[in-house]
Amino acid sequence: METRRRFLASLIGVLSGIAAAVAARNPVTGAPASPTPARPSPAPSASPSPSALARELARSLQRDLAKAHLSDELTEKIAADIDGNLSITKSLGAVRLANWEEPDFVFSAAGSDEA
Amino acid sequence: MNDSHVALSTIDELGAMLRARALSSVELTKLYLNRLDTIGKELNAVVTVMHDRALREAAAADAELAAGHARGPLHGIPYGVKDLLAAKGARTTWGAHPYRDQIFDFDATVVRRLSTAGGVLCAKLAMIELAGGMGYNQADASFTGPCKTPWNLGYWSGGSSSGPGAAVGAGLVGFAVGSETDGSIMNPSSYSGVSGLRPSYGRVSRHGAMALCWSLDKLGPMCRSASDARAVIAAIAGHDANDATSSRRPADFRRAMLRRKPWRIGVPDGATRKVQPEVKRNFEASLAALQGIADVIAIQLPHFPYDDMVGAIIAAEGGAAFREIIADGRVQTLRDPDGRRGGYSYLVTYAVDYVDTMRERTRMRAAYDAIFERVDLIAAPGDATVALPIGVPFDKAYPGTDGGPLVTANNLTGVPAIAVPNGFGLHGLPTSAMFVGRAFAENSVIAIAEALQARTDWHRNHPTIATSR
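Just so you know, the sequences run in chain order F and U. Mapping the first sequence onto this note's numbering, position 24 (from 1) lands on 239, and the numbers just tick up by one. Mapping the second sequence onto this note's numbering, position 383 (from 1) lands on 1648, and the numbers just tick up by one.
Now the structure itself:
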């Protein structure tokens, strides 16, 4: 879980360039305490043992993406990333959304001409 | 006035020189081309210097001026663009090894509009590979190497619009255009000591720009003053049939009428709690400088899982945008070790996470709209720290600092912001103040920055590498 949070935070931090803030949090001991874009630190090293599901998903990528030639070592790191990914479901799933709350994008059958 | 003074002038000043025939656009362009070739390469700020096109456009600008036809404030002004904008016949590398030889046969809408305004395209400027979309943890995350801030060559110019920040700060161009998905104009503007405007989502067409996240990407000016940013946004904003997300809202950026009532500026609780002391001091001084024209109000930002939301979008949209090079392994040729790997986990992202994030954005927009009922603007430091050192992993550079969620929140809600220099901190590096407005209120954020720059002269400070050459 923390892995994913750290990985996301790392992405946010580096994209936003607020990477310095990354160092604000201990990369080993904890996920961000607040929803702050901060940590560019990648997750894998902090997660020594990816879950079985993450490993299986990573191995499926290794099998399916033959052209990518994913090594076992890289696949293990990807598994750690995925392990973190899986926690996003808990985070986002914890927010209660009413059935009728639409996503902030609307498909238009008429395409851009209608804009 | 010597060459460096000319090179570091604002658009207003350069335009006045051109219209007074104190110098020609060709002369000005040659000055900038020389600086791009020399200082630009020293800073790793440049991907391609466009000598032929620049001199051709400059000569055309001069001919029009000689004939009494001035197109506007950008007429004859040399500029550069982040190397994710297509320019016909020139390499457009997206900062990344897999695209180092990519050439398009058309101009991006922004480039076309700047040409129409009389601008002179001089350079494609360095950027973090793929705008950082695959992740990175070091300054050396571009196939052109780490881009240095002109203020101290041991430090990074910021990202992902690294080259535009460094080039404007060092006086290598009259202005530049950068892009932001989640902070990539604000951060390099802060680290390089320039005035960067991130327009509202949809204000500027992205046609011809690399897509990282279709629902987040914005293009905006990076300049040597807020007034310059006003001139550039006026030239590039507006609906474009080639970009369905571009807005049809009126794009009138003439200076707003003087307000009779003071601005109400909201400062988020904790905005300076974990920033470097010098950043805090300079931010407080900026607010003090606005005393008399602005009332400062403490506000609380609403709680949302900002990190997870933007992460879900980057994973889903960024993964789709670069699925091909992830799947075929070319992503593994990126410079940054994290970037070589990051995209793979995107391919197993849950679709429901992305859709729920987009549902939450609707709710988030309403929450921020409510804040903007109470205040005209939100202010905070543009970054928690000064520029990061080159050669040190980002997560090791400045332990204990944290800028808060405002930049990510702004990008998720698509509202405009400006970052302007407001002093100096560690290692002689610049700091910045950031002002955020409600959607499509670019005039307001520019106006408050202009007011600050009328009361301070931080934007008139220039790095030694720029003034001595």
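Each residue gets a CB set at the ideal place from its N, CA and C atoms; glycine is no exception.
Secondary structure at residue i, three-state DSSP: helix, strand or coil?
i: residue 1623 of chain U; result: helix
i: residue 1483 of chain U; result: strand
i: residue 282 of chain F; result: helix
i: residue 1532 of chain U; result: strand
i: residue 1699 of chain U; result: strand
i: residue 315 of chain F; result: coil
i: residue 272 of chain F; result: helix
i: residue 1689 of chain U; result: strand
i: residue 1430 of chain U; result: helix
i: residue 1586 of chain U; result: helix
i: residue 1410 of chain U; result: coil
i: residue 1277 of chain U; result: helix
i: residue 1632 of chain U; result: helix
i: residue 1420 of chain U; result: strand
i: residue 1556 of chain U; result: strand
i: residue 1743 of chain U; result: Since the first residue shown for chain U is 1266 and the last is 1734, residue 1743 of chain U is missing from the structure and cannot be characterised.
i: residue 1561 of chain U; result: strand
i: residue 1267 of chain U; result: coil
i: residue 1645 of chain U; result: strand
i: residue 1293 of chain U; result: helix
i: residue 1725 of chain U; result: helix
i: residue 288 of chain F; result: helix
i: residue 1542 of chain U; result: helix
i: residue 259 of chain F; result: Residue placement at residue 259 of chain F is flagged as unreliable, the pLDDT there being 40, under the threshold of 50; the coordinate-derived value follows with that caveat. Helix at residue 259 of chain F.
i: residue 1393 of chain U; result: coil
i: residue 1549 of chain U; result: helix
i: residue 247 of chain F; result: In this prediction, residue 247 of chain F scores a pLDDT of 27, lower than 50, which makes its location untrustworthy; the coordinate-derived value is nonetheless stated afterwards. Correct three-state label for residue 247 of chain F: coil.
i: residue 1655 of chain U; result: coil
i: residue 1640 of chain U; result: coil
i: residue 1298 of chain U; result: helix
i: residue 1385 of chain U; result: strand
i: residue 1712 of chain U; result: helix
i: residue 1580 of chain U; result: helix
Just to confirm before moving on: does the CB-CB distance between residue i and residue j stay below 8 Å?
i: residue 1462 of chain U; j: residue 1707 of chain U; result: yes
i: residue 1444 of chain U; j: residue 1413 of chain U; result: no
i: residue 1796 of chain U; j: residue 1441 of chain U; result: There is no way to answer for residue 1796 of chain U, as the model of chain U reaches only from 1266 to 1734.
i: residue 1603 of chain U; j: residue 1400 of chain U; result: yes
i: residue 1450 of chain U; j: residue 1385 of chain U; result: no
i: residue 1361 of chain U; j: residue 1532 of chain U; result: no
i: residue 1304 of chain U; j: residue 1734 of chain U; result: yes
i: residue 1330 of chain U; j: residue 1284 of chain U; result: yes
i: residue 1460 of chain U; j: residue 1415 of chain U; result: no
i: residue 1606 of chain U; j: residue 289 of chain F; result: yes
i: residue 1696 of chain U; j: residue 1547 of chain U; result: yes
i: residue 1647 of chain U; j: residue 1454 of chain U; result: yes
i: residue 1641 of chain U; j: residue 1529 of chain U; result: yes
i: residue 298 of chain F; j: residue 269 of chain F; result: yes
i: residue 1300 of chain U; j: residue 1437 of chain U; result: yes
i: residue 1378 of chain U; j: residue 1500 of chain U; result: yes
i: residue 1467 of chain U; j: residue 1512 of chain U; result: yes
i: residue 1313 of chain U; j: residue 1355 of chain U; result: yes
i: residue 1630 of chain U; j: residue 316 of chain F; result: no
i: residue 1613 of chain U; j: residue 276 of chain F; result: yes
i: residue 273 of chain F; j: residue 1594 of chain U; result: no
i: residue 1493 of chain U; j: residue 1294 of chain U; result: no
i: residue 319 of chain F; j: residue 1626 of chain U; result: yes
i: residue 1488 of chain U; j: residue 1433 of chain U; result: yes
i: residue 312 of chain F; j: residue 1577 of chain U; result: no
i: residue 1544 of chain U; j: residue 1676 of chain U; result: no
Contact check, residue i vs residue j under 8 Å by CB: the rounded distance?
i: residue 1658 of chain U; j: residue 1403 of chain U; result: 6 Å
i: residue 1709 of chain U; j: residue 296 of chain F; result: Contact doesn't hold; Cβ gap of about 40 Å is too wide.
i: residue 265 of chain F; j: residue 309 of chain F; result: Contact flag wrong, Cβ pair sits at about 23 Å.
i: residue 1359 of chain U; j: residue 1308 of chain U; result: Between residue 1308 of chain U and residue 1359 of chain U the Cβ distance is about 19 Å, and since that is not below 8 Å, they are no contact.
i: residue 1674 of chain U; j: residue 1687 of chain U; result: Actually they do not touch by this definition, with Cβ atoms about 21 Å apart.
i: residue 1435 of chain U; j: residue 1731 of chain U; result: 4 Å
i: residue 1210 of chain U; j: residue 1667 of chain U; result: With chain U running from 1266 to 1734 in the structure shown, residue 1210 of chain U is simply not present.
i: residue 1335 of chain U; j: residue 1290 of chain U; result: Their Cβ separation, rounded to whole angstroms, is 11 Å, which puts residue 1335 of chain U and residue 1290 of chain U out of contact at 8 Å.
Problem - Length at least 3, wholly inside the segment 1311 to 1381 of chain U: the beta strand (DSSP E) runs in chain order - result: Qualifying beta strand (DSSP E) stretches, in chain order: 1311 to 1314, 1343 to 1347.
Practice task
Can you check the segment 1447 to 1528 of chain U for any alpha helix (DSSP H) of at least 4 residues that lies completely inside it and give the ranges in chain order?
Solution key: 1451 to 1457, 1491 to 1501
Practice task
Evaluate contact between the segment 1417 to 1432 of chain U and the segment 1674 to 1682 of chain U, counting only Cβ atoms and requiring at least three cross-stretch pairs below 8 Å.
Solution key: The segment 1417 to 1432 of chain U, when compared against the segment 1674 to 1682 of chain U, does not touch it at the 8 Å Cβ threshold.
Handout entry: At least three beta-carbon pairs within less than 8 Å, the segment 1494 to 1513 of chain U to the segment 1470 to 1481 of chain U
Key = yes
Practice task
Specify whether the segment 1408 to 1424 of chain U and the segment 1616 to 1631 of chain U touch according to this definition: at least 3 beta carbon pairs, one from each stretch, less than 8 Å apart.
Solution key: no
Practice task
Taking 8 Å as the threshold, find out whether the segment 1316 to 1336 of chain U comes into contact with the segment 1372 to 1387 of chain U through three or more Cβ pairs.
Solution key: yes
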